[in-house]
Every structure is written in C-alpha cells, then in structure tokens.
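Trainee: First residue of the sequence shown? That's 13 in the numbering used here, and the numbers climb one at a time after it. In this text, a Cβ means the ideal position worked out from N, Cα and C, and glycines have one as well.
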Amino acid sequence: MKTTLVLAMTADGKISDVTKSPPTFSSERDYAHLVEQIASADAILVGSGTLKDGGSVVLVEKPELIQARIDRGQPSQPPQIICSRSGKIDSKLPFFSQPIARWLLTTNSGATDWQVGDSFSRILVCETADGSDIDWQSVTLKLTELGIKNICFLGGAELAASLFAADFIDELWLTICPFIYGGSDAPTPVSGSGFTPDLAPKLTLLSVDRVEQELFLHYQVQKKSDSQKSTV
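1) DSSP on residue 19, reduced to helix/strand/coil?
2) Given a cut-off of 8 Å on the beta-carbon distance, is the pair residue 54 and residue 162 in contact?
3) Just curious, the beta strand (DSSP E) that residue 58 is in, first and last residue?
4) What three-state label does DSSP hand residue 179 in the structure shown?
5) For residue 178, which residues from the same chain have a beta carbon less than 7 Å from its beta carbon, with the 5 sequence-adjacent residues on both sides left out?
6) Among the candidates 132, 102, 169, whose CA atom is the shortest distance from the CA of residue 113?
7) Is the separation between the beta-carbon of residue 188 and that of residue 227 shorter than 8 Å?
8) Give a yes or no on contact between the stretch 62 to 82 and the stretch 222 to 236, applying the rule of three or more CB pairs nearer than 8 Å.
9) Mind the definition here: the stretch 194 to 207 touches the stretch 87 to 94 only if three or more C-beta pairs lie below 8 Å; say whether that holds.
10) Which ranges would you report for the beta strand (DSSP E) in the stretch 167 to 238 if only whole runs of at least 3 residues count?
11) Can you tell me which of the three DSSP states residue 41 falls into?
12) With a cut-off of 8 Å, do at least 3 Cβ pairs link the stretch 40 to 52 to the stretch 14 to 28?
13) For residue 123, which option in 110, 138, 62, 109 has the closest C-alpha, if you only look at C-alpha atoms?
14) Measuring alpha carbon to alpha carbon, tell me which residue in 205, 67, 136 is nearest residue 153.
15) Which residues share a DSSP beta bridge with residue 162?
16) Do the stretch 28 to 47 and the stretch 206 to 214 meet, that is, are 3 or more Cβ pairs less than 8 Å apart?
17) What are the complete alpha helix (DSSP H) segments, minimum 4 residues, inside the stretch 131 to 162?
18) Opposite residue 92 in the DSSP bridges: which residues?
19) What's the gap between the Cα of residue 35 and the Cα of residue 96?
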C-alpha cells in the first residue's frame, strides 16, 4: 500500500496565517494538481481537524477524471477516511451531505457515538494496546485487506507528524507558493513534538516542476528500515 501526502505551503513554510484562516495562497493549477492526486487514489485520508476547518472535502468533478476512475474499476469518488481518536466530529458539517462514501478511522471509544445511523458507511477501529491512539500498523493491514492500494493523505499537521513517525508516508507532493506569512504561531505542514536530527524523516527528491511562480516538488520518503540498513 502506498500513502502520498499532498500539500501546499508558503515560501516560508506556512499552511495558514496566524489567525489559522483557510489557506488562499495556492493557484488554480495547484488545485487541479490536488484533484488529480485525489482522482488517482483508492481512498483519501483526512484528519478531523482539517475537516472541521474546511467543513467539506474536495470532490472529483471533471468528467474525464471520473470516467478514468470508472475505467479502472474504482467508484466515481474515492472513500473519504476521517481520522479521529476521539470520534468527536460535528455531524452538521456539510461533509455529511456530500455524495461520497464516508469512513471513520478511530479507537473503540471514538467509535461509540457513530455505531447507530449511517453517517459513516464503514468504521475502522485500529487502536494501540492502551486504546489511546491509532495503531498505524493495524491500519495498514486492515486497509490492505479492503483492497486499498493507494491512499492520498491531505492533512492535518498533527496527524502528519504521527504518520511520519509511524513510517506510514511513502511519497510527498509539495507545492511552494510565492507568499510569506510569517508568525511563530502560524501552522506548518507537520507539527507534533518534532523530530531530532537522527530521527527526522529523510526525503529523496524525485522531480521539480515550475509552473509560473509555483514550484511542484515530488519526494520519496526514505523508509526507516532502509535508512537503518544503509548505516549497517
């Protein structure tokens, strides 16, 4: 199974301003690139905080992209997997009326409020031994069993930190946009407690494309097992 993180940031590494308002700095081309990545995926993974901020998810709308999915034997829209340890998600969000398959990735306690009703067509419970967090090895096994081979991960920053720490991300598409936001409290693509230099995820640059004033960078994430082998 391959997991690809797709995101855009300002030239100084911010994904929003200090007020944490919805980002408006990327271009139509960047949005089109995002939709192309979504259209190619078997499923989309989104953190509940990112869903709360946006209220809804990006749909595949171009007929040619929808037809390409159908030709590959995929549904017209990929399932949207919302990750939430607590399961605390506002059921009044526009997301719940979008024409998509909604899946919830959570813990046993997080699943409690969603067992009744059809808000989520599938609930994936993958928790650590103490029930406090998501067990990403279990997630990999369960999604593979469900035939998911290609996941597109769209954020947020805290979840990204967890996924990098769990060696869950294989590739990164990063768009650098020509703005400077600044602000020590402005969100960055990856938050959490951070990594020390010896544990920091390492990237291999696969390609660089310039489209007008934006740079589209494609990276492969070096797996920890590979890094460990190279030091032996």
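Mentor: Straight from the coordinates:
1) For the purposes of this step, residue 19 is taken as the residue at position 7 of the sequence shown. In the three-state scheme derived from DSSP, where H, G and I count as helix and E and B as strand, residue 19 is classed as strand.
2) The residue given as residue 54 occupies position 42 in the sequence shown. The residue given as residue 162 occupies position 150 in the sequence shown. Inclusion of residue 54 and residue 162 in the CB contact set at 8 Å is warranted, their separation being smaller than that value.
3) The residue given as residue 58 occupies position 46 in the sequence shown. In the DSSP assignment, residue 58 falls within the beta strand (DSSP E) that extends over 55 to 59.
4) As a working note, residue 179 is residue 167 in the sequence shown. Here DSSP, grouped into helix, strand and coil, assigns residue 179 to coil.
5) Numbered from its first residue, the sequence shown carries residue 178 at position 166. Once the five neighbours on either side are set aside, the close Cβ partners of residue 178 are 148.
6) Indexing the sequence shown from 1 puts residue 113 at position 101. With distances taken between CA atoms, residue 113 lies nearest to 132 out of 132, 102, 169.
7) One-based indexing of the sequence shown puts residue 188 at position 176. One-based indexing of the sequence shown puts residue 227 at position 215. Cβ atoms of residue 188 and residue 227: closer than 8 Å.
8) They do not touch, by the three-pair rule.
9) No: fewer than three Cβ pairs fall under 8 Å.
10) Whole beta strand (DSSP E) segments, 3+ residues: 183 to 189, 215 to 223, 226 to 233.
11) As a working mapping, residue 41 is identified with position 29 in the sequence shown. The three-state reading of DSSP puts residue 41 in helix, counting H, G and I together.
12) Under the Cβ criterion (8 Å, minimum of three pairs), the stretch 40 to 52 counts as touching the stretch 14 to 28.
13) Taking the sequence shown and counting its residues from 1, one reaches residue 123 at position 111. Of the listed residues, the one whose Cα sits closest to residue 123 is 138.
14) Start at 1 with the first residue of the sequence shown, and residue 153 comes out as number 141. Selection 205, 67, 136 evaluated against residue 153 yields 136 as nearest (Cα-Cα).
15) Residue mapping note: residue 162 aligns to position 150 of the sequence shown, counting from 1. Paired residues: 14.
16) Contact fails: fewer than three Cβ-Cβ distances are below 8 Å.
17) List check, alpha helix (DSSP H) in window: 148 to 157.
18) The residue given as residue 92 occupies position 80 in the sequence shown. 56, 114, per the DSSP bridge assignment.
19) If you number the sequence shown from 1, residue 35 lands on position 23. If you number the sequence shown from 1, residue 96 lands on position 84. Going by the C-alpha atoms only, they are around 22 Å apart.
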